[in-house]
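**Q**
Residue numbers (my numbering), protein chains in the order written: chain V, 137 to 263; chain L, 51 to 788; chain U, -13 to 66; chain A, 375 to 777.
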């Protein structure tokens, strides 16, 4: 069974313009969960967001696993009923294998992110 | 498992059986096109398989249905490999790959469209066109779910009309197309008489006139002659081994009709007008359900004139072929009674059959989430239980010890499942003032308050806590089961009110461990928190090196500190607390003990003790609403319903233990027991427990008022109970305050 | 493009099956109802339940977890 | 020739529409026809027209899963449905028609501690109100229904169940036809293909209906439609606590009789029984989004099939025959709405959600009594429309469950 590991990240809720204007640490992936919300795979200093009322929190409530593209596409063909993005890289989120999944499509692999309370189920369904 | 699909129908299991095995196929007019019910068989344990649509696999176990005349058994299956479902998104779907379907697919491809073709003869049985639009097919490799961005082209052709005359149950009857296919695949047909359009490429005798009946040969199950009638009424008997029936075509248009209103187009024979055969006069019309012309006449004479009523009164058209064979004849019959020609039945999935196991492919159970401490609970031997939508420890094997640890020492409980939300922004206070029925502006930073959430009807939808961090920042909690709805509720109102706020749902992000018991503060001190927050206060601190926000509230009735922390730190914090509290007799408590502890305190559980219409007045919690607040959700409803007479109230009850000759037995009524006021059913118990501390049974339950009064003495489970005020335990709340 | 039926276009995430969403009604108590209590009862319990095009809210529970507004014909479930 | 062909019912259609009736009932389904039947048989009121826009029993009466039970969660509902169970038990005798009524027993499975509490409470309140229901353990469940996988395929283990021995089924169409026949025989006019396009009012009182066949005057107009009551009520300016939701079901082909009870699970959101014909009949909860569309959905079939297989593994190799959809009126508190509406002369029977079939006899009997006497009978007084304004809702969501 694949290991779906807890992700060390930061989550930010702020006015959309402040998120648009923000820059993230080199190498970090930033997933735009909603216009006013972003999940960044790095510890993010609070000052990065130009919104005094922003909520910037250490986020350890998600877990993730990298899957190589061929295997990921095979899995998604079986377990996802919505149309996947064609460009790379790309972020998409929706129901996959009955779970709320967040997908990052890299050049040759896919990161599957799920809320940690459902991580065991994702691992089970990835088999 | 039979191999489905494959090459041509001529290599089907049925032709194999006819040609090589010499099996006595059941009677009826074989179509070889998956339309008729005459070749159904149980193949390797799956019944109702159309053998004409299945390729032969050496060693397949085949029982023709008609062979034993019994319904197939409802039996337990053996092992089968899992069935997969694959999703494809495309531009165009073409269903059917006959000449018209092939042209449609080629045309679409020529302009660069991504085309998916599905053909029953290639083993791709389309079972339905569904909203989406979604075309679902059952194939030899599993299920296929195809989502077209553009057109659905239906090219399913037409089926041949079945004969509806006496003797149509005999063996040796085939449609004209089937006759040609069987002959081509080497099935000996003997002497063939052709009725109507003759089959291609077969030497046969052409019958003229109107088909009257089929007569058996020396074998009573097999056709020996066909009888025709000329316009003058003279009958002619033609001896034969096989009758080929070319009675006309009826469009195989169920998918086209099912997709009505979608972006769908029919091509080819599926657009043919339905041929209306002559009105049947005698014999079986619907072979699936065994409905005769006499049955049609009988129900028609008694007022069943509508096609749907005739179907329902006779069950014609409700069998495996779903009316494909009988509907043309029933329409002809009804039209002949003087009514207008009625449209066929509504087209419904499934148009080709598949097993429940196949159609279920790709489905999953809804997930029950686990907290970060799930494995710790399991490791401690906890019985895990689904509660409030989560897996939670029900108990760790000794509920009494868990209870005692809280009342007399210190205990911890995983409360990570609580709904948690952070609200920030200039509009945060105004939003919360609108959401909650008590003042929030009076809550100073650093303070927390227990609150109910009301809907617009003034009914309780959730409860939890509001904690103020600063002028513009708050943390909210909700019940475990109510958290998802609460997030939707708060976001909806924030948008409706145009509140300038940022909302973050942190339910999954934060773990929460409640440290509770008379020695809870001592444990926190050992973990490095010398000055924990006072009752109904909160603050930030490192607990055993884990950054926590500590909320000082109490659900158990003892001193309690709720430690909210990053979910990644839960396991470390849990072990640190257990280790630091070892000599204090610490042990974790599960939900079963917690439900007992809270009931002693009279705390209700939203969803267990409350119902859809639980107003705060009915709950006896009028202290939790401040009507002098100018505006909040449910205010008008509370004002309005407060003017109406109260009908029932959630009350506390206590009941003594049962005195036997030697001891007091703690027999407690079950949750859900009825409450009686004399002979009158007066309510129902929602929570019960035996209180070891108080030495009696305690309960919460709904009690009806009688003549405007709540009865004091009631009967529960055949025994006397007293209505008493709550809390049952430590009513002054001294213990929780410490 | 085929009109979607029970496939909902989330403005942030894209087209998804209805099973990913929670439904939200937009209450519409008639202006003619002026009595405060009567309006309150209507708002709390009554529904427009219109047969035809309606404006309604959906919450994308499996994606962005935000509300948005769409038009749908309740007779066909066609998204307008 | 098959044993299921209807052989006795004789429907005598009227040849012309009278210009005025004492009572006009909109909707020729079970509730409308039963009300007409009881008006005629119990109260001698026969100057009654039933107007059906399609064919009789063509709406939810002919689409439901035919389950009869009284195991509700609140006393008023238990008493009402128990009346219906009792009337059903004697309906074949009363109408002298074969309705294929069969008592099968109903198991309502609990898969959690909360489920146990709910089923225990159901058993207690049922027993207190005259409807027999008992809480049973897994061993007893196995005796009643050996096909249940008590482990729930390791995912949804069976902890217990409430068992309602009176749970039964009847042939839905025949119930409709027997009431229609009985009413027509006594002079009630039933019109098919007659849709109501408007309701006539004079000084706040209903005086008749407009139909596709012209106007008809009426002293009383009762809406007994399923699915479209909001549209009818809007004709008199009435707003209702109703939302219309699709409800789906499917059947398999016919198999030998071997599955005897009705089995339901709120946890799995589905239920199953075997019909007299031998089909396994499987249904689920309503579709969450309100809609008037009768399209059958694939996710329903896929997920309902999957969930029921975890409880009843033998289903796996059975072949699906047909799926279909009805649209049902779900009230805000999940209980029916019956009786006076505040609009003089206009009555409703609605909010039948997923359980209208089982209520047909009692609903018809009680509404007939209301129409005949002008007084709301005690049995249905708790279900009046004004309960919402009186803060007397009949919250029974737990019983709305699955059928």
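Each residue gets a CB set at the ideal place from its N, CA and C atoms; glycine is no exception. Values in this document were obtained by computation on a predicted structure and should not be read as measured data.
For residue 54 of chain L and residue 189 of chain L, I'd like the C-alpha separation in whole angstroms.
**A** The predicted position of residue 54 of chain L is uncertain, since its pLDDT is 35 and thus under 50; a value taken from the coordinates is nonetheless stated next. Each residue's Cα considered, the two are about 7 Å apart.
**Q** Alpha carbon to alpha carbon, how far is residue 252 of chain V from residue 550 of chain L? Give it in angstroms, no decimals.
**A** 30 Å
**Q** Which of helix, strand or coil does DSSP assign to residue 757 of chain A?
**A** helix
**Q** Please check if any C-beta of chain A sits within less than 8 Å of the C-beta of residue -4 of chain U.
**A** For residue -4 of chain U, the answer is no, since every Cβ of chain A falls outside 8 Å of its Cβ.
**Q** Could you pull the DSSP bridge partners for residue 476 of chain A from this structure?
**A** A:543
**Q** If I'm right that residue 719 of chain A touches residue 594 of chain A with Cβ under 8 Å, what's the distance once you round it to whole angstroms?
**A** 6 Å
**Q** Using DSSP's beta-bridge definition, name the partner residues of residue 788 of chain L.
**A** The partner list for residue 788 of chain L (beta bridge, DSSP) is empty, contrary to what the question assumes.
**Q** In chain L, which residues lie less than 8 Å from residue 683 of chain A when you measure between Cβ atoms?
**A** Residues of chain L with a Cβ closer than 8 Å to the Cβ of residue 683 of chain A are, in chain order, 406, 407, 410.
**Q** Across the stretch 532 to 547 of chain A and the stretch 442 to 455 of chain A, are there enough close Cβ pairs to call them in contact, namely three or more that are closer than 8 Å?
**A** yes
**Q** Helix, strand or coil for residue 272 of chain V per DSSP?
**A** Residue 272 of chain V is absent from the structure shown; chain V starts at 137 and stops at 263.
**Q** Check distances from the C-beta atoms of the stretch 673 to 703 of chain A to those of chain L and list, in chain order, the residues that come in under 9 Å.
**A** 673, 675, 676, 677, 678, 679, 680, 681, 682, 683, 684, 687, 688, 689, 690, 691, 692, 693, 694, 695, 696, 697, 698, 699
**Q** For residue 692 of chain L, decide whether its Cβ has a neighbour in chain U, counting only Cβ atoms nearer than 8 Å.
**A** no
**Q** When every heavy atom of the ligand COA is checked, does at least one fall within less than 7 Å of the C-beta of residue 467 of chain L?
**A** Absence of the ligand COA is noted for the structure shown, with no ligands found whatsoever.
**Q** Could you please give me the residues that DSSP links to residue 46 of chain U through a beta bridge?
**A** Bridge partners of residue 46 of chain U according to DSSP: U:7.
**Q** In the DSSP assignment, find the unbroken beta strand (DSSP E) run with residue 214 of chain L in it and report its ends.
**A** Per DSSP, residue 214 of chain L belongs to no beta strand (DSSP E) and is neither H nor E.
**Q** Pull up the distance between the alpha-carbon of residue 234 of chain L and that of residue 288 of chain L, whole angstroms please.
**A** 24 Å
**Q** Can you tell me which of the three DSSP states residue 192 of chain L falls into?
**A** strand
**Q** When the Cα atoms are used, what is the spatial distance from residue 600 of chain A to residue 436 of chain A?
**A** For residue 600 of chain A and residue 436 of chain A, the distance between alpha carbons rounds to 11 Å.
**Q** Residue 12 of chain U: buried (16+ other C-beta within 10 angstroms of its C-beta) or exposed?
**A** Residue environment: residue 12 of chain U is assigned as exposed (fewer than 16 neighbouring CB atoms within 10 Å of its CB, all protein chains considered).
**Q** Out of curiosity, what's the CA-to-CA distance linking residue 600 of chain L and residue 515 of chain L?
**A** 13 Å
**Q** Taking 8 Å as the CB-CB cut-off, is residue 255 of chain L touching chain A?
**A** For residue 255 of chain L, the answer is no, since every Cβ of chain A falls outside 8 Å of its Cβ.
**Q** Quick one: using the 10 Å Cβ neighbour count with 16 as the cut-off for buried, is residue 66 of chain U buried or exposed?
**A** exposed
**Q** Which value, in whole angstroms, describes the spacing of the CA atoms of residue 247 of chain V and residue 5 of chain U?
**A** 24 Å
**Q** What are the boundary residues of the alpha helix (DSSP H) that includes residue 458 of chain A?
**A** 449 to 463
**Q** Taking a Cβ distance cut-off of 7 Å, strictly less, list which residues of the stretch 68 to 99 of chain L are near chain A, in chain order.
**A** 95, 96, 97, 98
**Q** Say whether chain L places a C-beta atom closer than 8 Å to the C-beta of residue 23 of chain U.
**A** yes
**Q** Apart from the five residues on each side of it in sequence, which residues of its chain come closer than 7 Å, Cβ to Cβ, to residue 38 of chain U?
**A** 59, 60, 61
**Q** Applying the criterion that 16 or more other CB atoms from any shown protein chain within 10 Å of the CB defines a buried residue, is residue 475 of chain L buried or exposed?
**A** buried
**Q** Please state the DSSP three-state secondary structure of residue 227 of chain V.
**A** DSSP places residue 227 of chain V in strand when its eight states are reduced to three.
**Q** Excluding the five sequence neighbours on either side, which residues of its own chain have a C-beta within less than 8 Å of the C-beta of residue 693 of chain A, listed in chain order?
**A** 626, 627
**Q** Could you run through the stretch 32 to 48 of chain U and flag, in chain order, every residue whose CB is less than 9 Å away from some CB of chain A?
**A** 32, 33, 34, 35, 36, 37, 38, 40, 42, 44
**Q** Going along chain U, which residues have a C-beta under 9 Å from residue 541 of chain L?
**A** 45, 51, 52, 53
**Q** With DSSP as the reference, label residue 778 of chain L as helix, strand or coil.
**A** In this structure, residue 778 of chain L counts as coil in the three-state DSSP scheme.
**Q** Using a Cβ-Cβ cutoff of less than 6 Å, which residues in the same chain neighbour residue 386 of chain A once the five nearest sequence positions on both sides are dropped?
**A** 558
**Q** Locate the beta strand (DSSP E) running through residue 702 of chain A, then write down its first and last residues.
**A** From DSSP, the beta strand (DSSP E) with residue 702 of chain A extends over 693 to 705.
**Q** Can you give the Cα-Cα distance for residue 707 of chain L and residue 507 of chain A, rounded to whole angstroms?
**A** Whole-angstrom Cα-Cα distance: 28 Å.
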